[in-house]
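Worksheet for the structure shown next.
Chains as they are written, first to last, in our numbering: chain A, 414 to 923; chain B, 77 to 386.
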């Protein structure tokens, strides 16, 4: 047994509205270990970490660092005491350069800025921790992997004793993940203590010494990682056995529904976001789009769904050029979509469930004078709530009061319940609970069976590999690989090589 | 149009630029810190009155200046307090500040002087004009650059100082970081609200001088609603200059130019007075439209797409 570094003593956190995020959690982190915190989404991992990092105050309980009781009111307090955190969404300022982000908030810096001094300081730290960050770049121009390493460097340089990494691999390719793990092992050798939050079992197994499992805001125990089987961990995490296998019968694709040729798009900085993209999507197939976040997937989504018109090239929806077809008309023609950011683009969170369900086709629910047919609305809404297993009290409940998974189900219910010819999905299961994920996966497969043409953009490679019939990989806006996954399956590692731009297929059939 | 070549004309351009430039600096610093101050107009108005009143009653220019600055700072801090601590929407607080100032200034003016329009019955003080040795002896340029009101020169120093502060100092970096991503700034221990109050402090000072220039420099008394839209104009200048103080100065010069040319046209041209009075506004709108079109063109160029004939 090592020396205790941090002790969490019976932390309980109750949010306004009575939601209990953490209930009586106690755990101990030892000097120099990599300690995994695992649990499903909503198990209370993030809340616990925010408490450790001074972003939330616990309702009761205490934190001790080297046996000294900590009173953390802000992140500043936490950093001062030696607790640093790399957030899932990087706390970097995109418009500033690496060194500016690096020196931001550092104690004891002179009032006047000396660029060269700061840059040298960054390079020295970089050398010490071997992270290979180029501090002279604007953050906006860095790869995701480098941004993350800049974050780690920034925090280590502040002399933290404990480094918290919140789902650090969620945004990385398999290769970048390996690289990160190699760096973390080095840091461990240098004596840095690391808390590693994840819900991916193989990663936990690869990197952690001990793990603590959270479920429904409670601590299910801390174990040395070697002594636990994967089955045991998932059982503790979920509380039931989970079957991860998805049954997908072979299916011959039908007619072409969406055909896109030579798509090009650039952003306001002149950076090309889509480069000569060709896509053909047939009825009854699922086409997966793989790629590291920010390699043109969102642009492709916006262009294909008619939300962005500033592209060059042509898109045909069932043979018609869509450039002059409005989003509303596309919707009526049978194009459905699930956007990546459900709170911003998927629902109007202040409105009720039924308003969100029916607003695109509200004309079906009005009398000829325009008055709403409340009874019909209520019946249909209840039916959808039932069909899509949305946990809600009534159709008139506001969407923002639902959990993430249920909000996503509202979006899915709206988009899947019409006459769907094509379905464009962007991260349909990001950040929702396992139950909702498997429900939505089942629904996607049902739509495939019914003959919808489905495009699935996802950064969850497991999801892509288990659902897709064909997979294409995007890198810097370009299609760099196409696989017929249904006939000859590919692996995560293979995809990763293309996602990182290490490999590129020379000739491709679309 | 011979007047365009005269030193007096260009002197007036620089003088007319001063209040807008100070207002633009105020808008710059606030938006760099990630806020939006719609209340600059009202803040300047209040300072203009307070400077006049206190200097008239104490017969001390210094105390008058302090009063003008203090009222500017108080109104700016009010914006900060309501929006940052009470989480009120920024636009409505700005509008409230404008309405408050427009009403209170006239009320106080009437109470003290009996006039609803002007404070000319009081003998208030003004900031002195400064003649710069050496420079004033340069032919032509000397007559353009020297002899301005003290506040004009202060404004120039502020513009250069503010860009230095923003881009070369720790506080400036903290302000820009807070403005672009307050959450990220807070995560490295920057106290974002404190940083924003520092920005608001500067905003109050700039508004204070801008307002006092009108009532204790350009004119010798306070007149109701004498800011006359310059505070709102500064918000446009701020957008136009992407919140960079030196570019904002350039934008304000355009305003100074158009205002001055209007005055001269009224004296020397036969055109309808109403058309001439509309000139500065039409001019500014044109400049804004052209600037925006140029920006769009640039973006489209950058996008580097040969738009096919669709």
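All residues carry an ideal CB built from backbone N, CA and C; glycine is no exception.
C-alpha gap between residue i and residue j, whole angstroms
i	j	result
residue 445/A	residue 478/A	14 Å
residue 364/B	residue 235/B	21 Å
residue 384/B	residue 716/A	At residue 384/B, the pLDDT of 43 sits below 50, so the modelled position is not reliable and the matter cannot be decided from this model.
residue 765/A	residue 620/A	44 Å
residue 311/B	residue 103/B	6 Å
residue 640/A	residue 683/A	53 Å
residue 637/A	residue 468/A	29 Å
residue 866/A	residue 747/A	10 Å
residue 297/B	residue 243/B	38 Å
residue 660/A	residue 860/A	14 Å
residue 795/A	residue 99/B	57 Å
residue 254/B	residue 161/B	16 Å
residue 544/A	residue 596/A	7 Å
residue 212/B	residue 83/B	12 Å
residue 536/A	residue 722/A	43 Å
residue 199/B	residue 491/A	58 Å
residue 767/A	residue 827/A	10 Å
residue 783/A	residue 735/A	30 Å
residue 824/A	residue 375/B	35 Å
residue 157/B	residue 772/A	39 Å
residue 513/A	residue 819/A	41 Å
residue 106/B	residue 252/B	10 Å
residue 108/B	residue 510/A	17 Å
residue 923/A	residue 895/A	Residue placement at residue 923/A cannot be trusted, given a pLDDT of 46 that sits under 50; the coordinates are not used to answer.
residue 774/A	residue 718/A	17 Å
Contacts that residue i makes with chain C (C-beta to C-beta distance below 7 Å)
i	result
residue 257/B	The structure shown has no chain C; the protein chains it does contain are A and B.
DSSP-derived helix/strand/coil call for residue i
i	result
residue 876/A	helix
residue 682/A	coil
residue 376/B	helix
residue 208/B	coil
residue 755/A	helix
residue 500/A	coil
residue 539/A	helix
residue 358/B	helix
residue 773/A	helix
residue 426/A	strand
residue 779/A	strand
| task | Count the CB pairs spanning the region 163-176 of chain B and the region 221-228 of chain B that are closer than 8 Å, and state whether there are at least three. | result | no
| query | Do the region 810-819 of chain A and the region 726-733 of chain A touch if we need at least three Cβ pairs shorter than 8 Å? | reply | no
| request: Ignoring anything shorter than 3 residues or poking outside the region 431-483 of chain A, list the beta strand (DSSP E) runs there in chain order. | output: 433-443, 447-451, 473-478, 481-483
| Any 3 or more C-beta pairs closer than 8 Å across the region 318-333 of chain B and the region 128-145 of chain B | no
| Residues, ordered as in the chain, of the region 481-494 of chain A that lie near chain B by beta-carbon distance below 8 Å | 487, 488, 489, 492, 493
| request: Would you mind listing the alpha helix (DSSP H) stretches within the region 792-842 of chain A that are 4+ residues and don't spill past its ends, in chain order? | output: 817-829
| request: Assess, as a yes-or-no matter, whether the region 270-284 of chain B is touched by the region 345-365 of chain B under the definition of 3 or more beta carbon pairs within less than 8 Å. | output: no
| request: Give the residues from the region 217-244 of chain B that approach chain A closer than 7 Å (Cβ to any Cβ), ordered along the chain. | output: 244
| query | Counting only runs that start and end within the region 553-625 of chain A, where is the beta strand (DSSP E) found for 3 or more residues in a row? | reply | 575-579, 606-611
| said: Is it the case that the region 548-561 of chain A contacts the region 601-619 of chain A, given that we only count it when at least three CB pairs across the two stretches are under 8 Å? | reply: no
| Is it true that the region 533-546 of chain A meets the region 579-590 of chain A, where meeting means three or more beta-carbon pairs spaced less than 8 Å apart? | no
| query | Fully enclosed by the region 686-710 of chain A, which alpha helix (DSSP H) runs are 4 residues long or longer? | reply | none
| query | Is it a yes or a no for the region 81-101 of chain B touching the region 127-136 of chain B, going by three-plus beta-carbon pairs under 8 Å? | reply | no
| Closer than 9 Å, Cβ to any Cβ of chain B: which residues of the region 680-709 of chain A, in chain order? | 680, 681, 682, 683, 684, 685
| said: Using 8 Å as the cut-off, can you tell me whether the region 559-567 of chain A makes contact with the region 497-513 of chain A, which would need three or more C-beta pairs spanning the two stretches below that distance? | reply: yes
| query | Touch check for the region 704-716 of chain A and the region 684-695 of chain A: three-plus C-beta pairs under 8 Å? | reply | yes
| task | Quick one: which residues of the region 516-534 of chain A get their C-beta closer than 9 Å to a C-beta of chain B? List them in chain order. | result | 516, 517, 518, 519, 520, 522, 523, 524, 525, 526
| field | Continuous beta strand (DSSP E) assignments of at least 3 residues falling wholly in the region 719-765 of chain A | value | 725-730, 748-751
| Chain-ordered residues of the region 263-293 of chain B with a beta carbon less than 9 Å from chain A | 263, 264, 265, 266, 267
| Contact between the region 185-192 of chain B and the region 902-917 of chain A (3+ Cβ pairs under 8 Å) | no
| For the region 320-354 of chain B, which residues have a CB atom closer than 8 Å to at least one CB atom of chain A, in sequence order? | none
| message | Please identify, using Cβ separations under 9 Å, the residues of the region 99-127 of chain B that lie next to chain A, in order along the chain. | response | none
| Touch check for the region 257-265 of chain B and the region 505-521 of chain A: three-plus C-beta pairs under 8 Å? | yes
| query | For the 8 Å Cβ check, are there 3 or more pairs between the region 283-290 of chain B and the region 119-129 of chain B? | reply | yes
| field | Segment contact, 8 Å Cβ cut-off, at least three pairs: the region 446-464 of chain A with the region 415-433 of chain A | value | yes
| task | Using a Cβ-Cβ cut-off of less than 7 Å, give me the residues of the region 756-783 of chain A that come near chain B, in sequence order. | result | none
| Stretch-stretch touch, CB-based, cutoff 8 Å, three pairs: the region 739-758 of chain A with the region 827-846 of chain A | yes
| said: Under 9 Å, CB to CB, which of the residues in the region 180-214 of chain B have a partner in chain A? | reply: none
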